[in-house]
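A.B. asks:
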Amino acid sequence: MTTIAVPAVGVDEGTAPKPASRRERWTPGALTAQLLIYVLLIAVAILYIFPFLIDVATSFKTEPDAAANPLSLVPQTWTTAAYQRLFFNSDFPIWFKNSAIVTVLVTAGRVFFDSLAGYALARLHFRGRNVVFAGLIAVMAVPNVVLLIPKFLVINQLSIYDTYAGMIIPLLADAAGVFIMKNFFESIPVSIEEQARIDGAGSFRIFWSVVLPMARPALITIIILSFQGSWNELAHFIVSTQNPDLTTLTKGVAQLASGQLSQGTQYPLKLAAGAIMTIPVAIVFFIFQRRILNASQGAVKE
Amino acid sequence: MTAATAARARVSRRRSGVSRGQALSGWLFTAPVLVILGLFLLIPVLMAAWVSVSDWTGRGSPLSPGVHFIGAQNYGQVLWAGGLSERDFGTALKNNFWYVILVVPIQTVVALALALAVNRRMLRGRGFFRTAFYFPSVTSSVAITVLWLFLFSTTGAVNAVIAWFGVKGPNWFNAPAGIFHFGATSGPALLTGNTALGVSWWDWLGGPSIAMTAFIILAVFTTGGTFMLLFLAALQNLSGDVEEAAMVDGANSAQRFFRVTLPQLRPTLFTVITLGLIGCWQVFDQIYTGTHGNPSKTTLTPAYLSYTAAFQNNQWGQGAAIAFILFVIIIVFTIIQRVVLAEKKVSKRRMGWITRAERQADTNGTAAIAVQGSYGEQNS
Numbered sequence: 001m002t003t004i005a006v007p008a009v010g011v012d013e014g015t016a017p018k019p020a021s022r023r024e025r026w027t028p029g030a031l032t033a034q035l036l037i038y039v040l041l042i043a044v045a046i047l048y049i050f051p052f053l054i055d056v057a058t059s060f061k062t063e064p065d066a067a068a069n070p071l072s073l074v075p076q077t078w079t080t081a082a083y084q085r086l087f088f089n090s091d092f093p094i095w096f097k098n099s100a101i102v103t104v105l106v107t108a109g110r111v112f113f114d115s116l117a118g119y120a121l122a123r124l125h126f127r128g129r130n131v132v133f134a135g136l137i138a139v140m141a142v143p144n145v146v147l148l149i150p151k152f153l154v155i156n157q158l159s160i161y162d163t164y165a166g167m168i169i170p171l172l173a174d175a176a177g178v179f180i181m182k183n184f185f186e187s188i189p190v191s192i193e194e195q196a197r198i199d200g201a202g203s204f205r206i207f208w209s210v211v212l213p214m215a216r217p218a219l220i221t222i223i224i225l226s227f228q229g230s231w232n233e234l235a236h237f238i239v240s241t242q243n244p245d246l247t248t249l250t251k252g253v254a255q256l257a258s259g260q261l262s263q264g265t266q267y268p269l270k271l272a273a274g275a276i277m278t279i280p281v282a283i284v285f286f287i288f289q290r291r292i293l294n295a296s297q298g299a300v301k302e
Numbered sequence: 001m002t003a004a005t006a007a008r009a010r011v012s013r014r015r016s017g018v019s020r021g022q023a024l025s026g027w028l029f030t031a032p033v034l035v036i037l038g039l040f041l042l043i044p045v046l047m048a049a050w051v052s053v054s055d056w057t058g059r060g061s062p063l064s065p066g067v068h069f070i071g072a073q074n075y076g077q078v079l080w081a082g083g084l085s086e087r088d089f090g091t092a093l094k095n096n097f098w099y100v101i102l103v104v105p106i107q108t109v110v111a112l113a114l115a116l117a118v119n120r121r122m123l124r125g126r127g128f129f130r131t132a133f134y135f136p137s138v139t140s141s142v143a144i145t146v147l148w149l150f151l152f153s154t155t156g157a158v159n160a161v162i163a164w165f166g167v168k169g170p171n172w173f174n175a176p177a178g179i180f181h182f183g184a185t186s187g188p189a190l191l192t193g194n195t196a197l198g199v200s201w202w203d204w205l206g207g208p209s210i211a212m213t214a215f216i217i218l219a220v221f222t223t224g225g226t227f228m229l230l231f232l233a234a235l236q237n238l239s240g241d242v243e244e245a246a247m248v249d250g251a252n253s254a255q256r257f258f259r260v261t262l263p264q265l266r267p268t269l270f271t272v273i274t275l276g277l278i279g280c281w282q283v284f285d286q287i288y289t290g291t292h293g294n295p296s297k298t299t300l301t302p303a304y305l306s307y308t309a310a311f312q313n314n315q316w317g318q319g320a321a322i323a324f325i326l327f328v329i330i331i332v333f334t335i336i337q338r339v340v341l342a343e344k345k346v347s348k349r350r351m352g353w354i355t356r357a358e359r360q361a362d363t364n365g366t367a368a369i370a371v372q373g374s375y376g377e378q379n380s
C-alpha cells in the first residue's frame, strides 16, 4: 500500500525513464482530462461532505431558521438550545451511557474471543477443526435481518430479555472476526511458537504472550470493526430490550426521529442528536484512518 | 494419502502428548465463539423455523404444549390466501425489488467510478478524497436517516437546490407516487385489473415511490465508499504491465478500461454485486427510523414487515415465515447473479494473465466478504 503515501512527484520520477509515456501524459488533451477529473472529484467530494456540514450547522439553529434556510451553513442566531435540551432535559445521557457500555464490552469480548478462536483454527490441530471452520462460513451467510425474530425468541427463552446480558452476549462473537484473525495467524511464521513450545509453554501461554503481541494490526482491525458495528447496531437492541433505561443511542434517536419527544419537526434537536452520536465513530475513524482505508486488505495481507 | 498429510501425521506422532493437549485447547479456545453462535444463531433459526409453522401468538414459550403445528398456513397467509397479509407482503416485495434493481447497479458504478478516479497515479489530495467518499459509510444508519429526513423535507436542502432551477420539489417522504408512473394516477385496465401477490401489475410497474427514491439515494450515498475501497484494493493489485502493454499497442483509454482493466476486476465486481444484493434485501434501519413503511406502505420492506407482523401485530408465525421467504429470495438472487455473471469463454492466452490477477484479487474478495458480511449490512 505504499503507493498511496508516495506523492505524485515521486511517482513521476519512477516513470521518468519512459519519455514516450511521459510526453503522452502531458498533451493538452491529457491536461484537460486531468483538470476535468479534479473538477468532478471536488464536486463529488462537496456532495459527500456538505450534508454533514448542514447537519452540524442546523443543530445550532433555531427551528424557524432551520426551515427557512436549509442550505445555509451559518445560523442566523446561534443557539445551543438543542444540545441543552438533549443533555439536561431528556434521556439522551442514558442512551449515550448504554451505548458506551455495550460498545466497550462487545469490542473487548470480540477482540478476545475472535482472536482465541482464530488462533485455534489457524494453528492448533484438533479433530473437528475443519467442521468448525465450515460451520463458521455457513453462519456468515445467514442474513442478520432474518435473525430478528429468532434472536428475540431465544433471548426471551433464556430470560435475559431487557438485561445488559441480552444486549451484549449475543454480539460477543462474530464469525467474520474469527475469519480475519485466522487468516492473520496463518500469515505469521510458525517458528517463534515452535521455540516457545519446545521451551515448554502451554497453548494459552503461547497465544497470550507470544502470538497476541504480534497480532496488533489484525487486532486493530477487529477493534475498529467491532466498535463501529456495535455502536451503530440498531436491530438487535430493538428485539432485546423495551425498558427505557436500557435504550441505546441508535434506538433512542430512531424513536426521537419518529417524534417521540414532542410535536413539531424539531430538526435542530434531531440533527444535534445525530451529530453527537456520530462523534465517537468519527474519532475512531480519524485515528485509525489509514488502517480503515486499508482494512479490506490489511486483514489478509501483512 | 498425500505427502503433506503424511508429513503432518508423522509430526503429530512425534509429539502425541502435545497434540492431545492441542486437541483440548483447540476446543477450549473455540468454545466461547461456538457456544455464542450456536445459542444466538443456530438455535434461533431452528426455533423460528418451528414458529413459522405454528400458531404461537407471542404468549408464553413457543415450545409449550399449547402451541400447535399448523403446516404451511402462515406461509399461505403471506403468499396465496388473498388477504391483507398477502397484499402487504406483495407491496413490501415490490418496494424492495425496485430498491434492489436500482441501488445495486448504481452503487456498483458509483463505487467503481470513485475508485478509478481516486486511483489515478497523478492525483493530488488522494487521501482527502478517499476520506470524504468513505466517511458516510462509517456513520450510523440512524444518524444518516435523520439527516436525510431533514435534507429531503418539504423545506429541506434538496428542494432548495431544486428550486434554483425553478422547479418545485416534491414532499419526498410523504409522496407515495411511483416514479415510473410519471404523474399518471390511473393506468390501462389490463394492468390495473390483474394482480400478483395482491398488488396490481400497474403498481408493480410503477417503480419505487418518491419516498423510496430518497432511500435509494441514501443507500448509494452510504455504500459507495465501502465498495470503493474494495475496488481500490483490487485496482492496486493489478499489475501495471498489461496496461502498459496495451498502451504501447496504441489502445485508447476507453479500450484499456473495457478490455484490460474491467475483465481483471471481475472477481471484485462479483463480490460487490453479491454484497450489494444481500444488503439491499435487508433494508430495515432506515424504515424503522424514518418512515415506518409510509406513505401508503410504499416504503414497506419484507424485513420491516416481518418485524411489525411479529412484534406489533403478534402474528409471530407470519413474521417468521416472511423472514424465511426473505432468506430464500436472497439465496435465489445470489444464485441468479452467479449464473448471469458466470465466467464466459476467454482465449487461452488472455486467460493466462487474467487468472494470475484473479488469484490475487480473490484473496481480498474473500476477506472482504467476511468483513462486509457482518458489518456492512447496516449501511445497505
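Protein sequence lines correspond, in order, to chains A and B. Under the working numbering, read the first sequence as residues 1 to 302, first letter to last. Under the working numbering, read the second sequence as residues 1 to 380, first letter to last. For each residue, glycine too, the CB sits at the ideal point set by N, CA and C. Note that the structure is a prediction, hence the values are computed from the model and not measured.
Starting from A/Arg110 and walking both ways along the alpha helix (DSSP H), at which residues does that stretch end?
C.D. replies: Here the alpha helix (DSSP H) through A/Arg110 covers Phe92 to Arg123.
A.B. asks: Rank B/Pro302, B/Ile43 and B/Leu277 by C-alpha distance to the C-alpha of B/Ile335 and give the top, closest one.
C.D. replies: Closest by alpha carbon: B/Leu277.
A.B. asks: DSSP three-state label for A/Arg22, please.
C.D. replies: Model confidence at A/Arg22 stands at a pLDDT of 45, short of 50, so the residue's coordinates are unreliable; what they give is reported in the following sentence. Of the three classes helix, strand and coil, the one that applies to A/Arg22 here is helix, per DSSP.
A.B. asks: What does A/Trp231 touch in chain B if you count any residue whose Cβ is under 9 Å from its own?
C.D. replies: Those are Ser140, listed as they occur along chain B.
A.B. asks: Roughly how many angstroms lie between the CA atoms of A/Ser59 and A/Pro213, to the nearest whole one?
C.D. replies: Cα-Cα distance, rounded: 43 Å.
A.B. asks: Grouping DSSP H, G and I as helix and E and B as strand, with all else coil, what is B/Gly66?
C.D. replies: DSSP places B/Gly66 in coil when its eight states are reduced to three.
A.B. asks: Using only CA atoms, which one of B/Phe221, B/Gly71 and B/Ile287 lies nearest to B/Ala303?
C.D. replies: Nearest option by C-alpha distance: B/Ile287.
A.B. asks: Using a beta-carbon distance cut-off of less than 7 Å, what residues from the segment 166-195 of chain A approach chain B?
C.D. replies: Listed in sequence order: Ile169, Pro170, Leu172, Ala173, Asp174, Ala175, Ala176, Val178, Phe179, Ile180 and Asn183.
A.B. asks: So, using beta-carbon positions, are B/Gln381 and B/Gly224 closer together than 7 Å?
C.D. replies: Given a span of 1 to 380 for chain B in the structure shown, any question on residue 381 of chain B remains unanswerable.
A.B. asks: How long is the line joining the alpha carbons of A/Gly202 and A/Ser226, rounded to whole angstroms?
C.D. replies: If I take the Cα positions, the gap works out to 29 Å.
A.B. asks: Could you name the residues of the same chain whose beta carbon sits closer than 6 Å to that of B/Gly90, not counting the 5 residues immediately before and after it, in chain order?
C.D. replies: Leu197, Gly198 and Val199.
A.B. asks: Across which residues does DSSP place B/Thr195 in a beta bridge pair?
C.D. replies: Paired residues: B/Ser200.
A.B. asks: How about B/Val33 and A/Phe113: are their beta carbons less than 7 Å apart?
C.D. replies: Their beta carbons are under 7 Å apart, which means B/Val33 touches A/Phe113 by this criterion.
A.B. asks: Locate the alpha helix (DSSP H) running through B/Ala219, then write down its first and last residues.
C.D. replies: First-last of the alpha helix (DSSP H) with B/Ala219: Ile210 to Asn237.
A.B. asks: Give the DSSP bridge partners of B/Gly178, in chain order.
C.D. replies: B/Ser209.
A.B. asks: So within the segment 274-335 of chain B, which uninterrupted alpha helix (DSSP H) runs reach at least 4 residues, ignoring any that extend past its ends?
C.D. replies: Runs found: 285-289 and 302-307.
A.B. asks: Hey, is the segment 237-246 of chain A in contact with the segment 146-163 of chain A, meaning 3+ C-beta pairs nearer than 8 Å?
C.D. replies: Short answer: they touch.
A.B. asks: Assign B/Asp203 to buried or exposed, taking buried as 16 or more other Cβ atoms, counted over all protein chains shown, within 10 Å of its Cβ.
C.D. replies: Label assigned to B/Asp203: buried.
A.B. asks: Using the beta-carbon of each residue, which ones in chain C are nearer than 9 Å to B/His292?
C.D. replies: In the structure shown, chain C does not exist; the protein chains are A and B.
A.B. asks: Considering just the uninterrupted stretch of the alpha helix (DSSP H) at B/Ala251, what are its terminal residues?
C.D. replies: Counting along the chain, B/Ala251 falls outside any alpha helix (DSSP H), and DSSP gives it neither H nor E.
A.B. asks: Mind checking if A/Phe113 is an interface residue toward chain B, Cβ cutoff 7 Å exclusive?
C.D. replies: A/Phe113 counts as touching chain B.
A.B. asks: Looking only at its chain, what residues have a beta carbon closer than 8 Å to the beta carbon of B/Ser209, apart from the 5 residues adjacent to it on each side?
C.D. replies: Excluding residues within five positions, the ones whose Cβ falls inside 8 Å are Asn95, Ala175, Pro176, Ala177, Gly178, Ile179, Pro295, Ser296, Thr298 and Thr299.
A.B. asks: Can you tell me which of the three DSSP states A/Ile283 falls into?
C.D. replies: Helix.
A.B. asks: Is the number of C-beta pairs between the segment 81-99 of chain A and the segment 183-196 of chain B that are closer than 8 Å three or more?
C.D. replies: The segment 81-99 of chain A vs the segment 183-196 of chain B: no contact.
A.B. asks: Buried or exposed: where does B/Met212 fall if 16 or more other Cβ atoms within 10 Å of its Cβ makes it buried?
C.D. replies: Classification of B/Met212: buried, given that the 10 Å Cβ count is 16 or more.
A.B. asks: Compare the C-alpha of B/Ala219 against each of B/Leu39, B/Val283 and B/Ala342 and name the closest.
C.D. replies: Ranking B/Leu39, B/Val283 and B/Ala342 by Cα distance to B/Ala219 puts B/Val283 first.
A.B. asks: Give the DSSP-derived three-state secondary structure of A/Ser209 in the structure shown.
C.D. replies: Note: A/Ser209 maps to helix in three-state DSSP.
A.B. asks: Using CA atoms only, rank isn't needed, just tell me which of A/Leu53, A/Ser115, A/Asp65 and A/Gln76 is closest to A/Ile220.
C.D. replies: Taking only the C-alpha atoms, the option nearest A/Ile220 is A/Ser115.
A.B. asks: Check whether the segment 131-151 of chain B touches the segment 40-49 of chain A, taking contact to mean three or more Cβ pairs, one atom from each stretch, closer than 8 Å.
C.D. replies: At 8 Å Cβ cutoff, the stretches touch.
A.B. asks: Taking one C-beta from the segment 141-149 of chain B and one from the segment 231-247 of chain B each time, how about it: are there three or more such pairs within less than 8 Å?
C.D. replies: Flag = no, the segment 141-149 of chain B and the segment 231-247 of chain B do not touch.
A.B. asks: Taking 7 Å as the CB-CB cut-off, is A/Asp28 touching chain B?
C.D. replies: According to the sequence as given, residue 28 of chain A is Pro; it is not Asp. Answer no: the Cβ-Cβ gap between A/Pro28 and chain B never drops below 7 Å.
A.B. asks: Measure the CB-CB distance between A/Val102 and A/Ser230 and report whether it falls below 7 Å.
C.D. replies: Closer than 7 Å, so yes.
A.B. asks: Considering B/Phe128, what are the terminal residues of the alpha helix (DSSP H) in which it resides?
C.D. replies: Arg126 to Val138 is the extent of the alpha helix (DSSP H) around B/Phe128.
A.B. asks: Specify, as a first and last residue, the run of the alpha helix (DSSP H) that B/Val78 falls within.
C.D. replies: Start and end: Gln73 to Leu79.
A.B. asks: By DSSP, does B/Ser54 sit in helix, in strand, or in coil?
C.D. replies: B/Ser54: strand per DSSP, three-state reduction.
A.B. asks: Would you grab the beta carbon distance between A/Ala272 and A/Tyr83 for me? Rounded to a whole angstrom, and I think it's under 8 Å.
C.D. replies: So it is a contact: roughly 5 Å between Cβ atoms.
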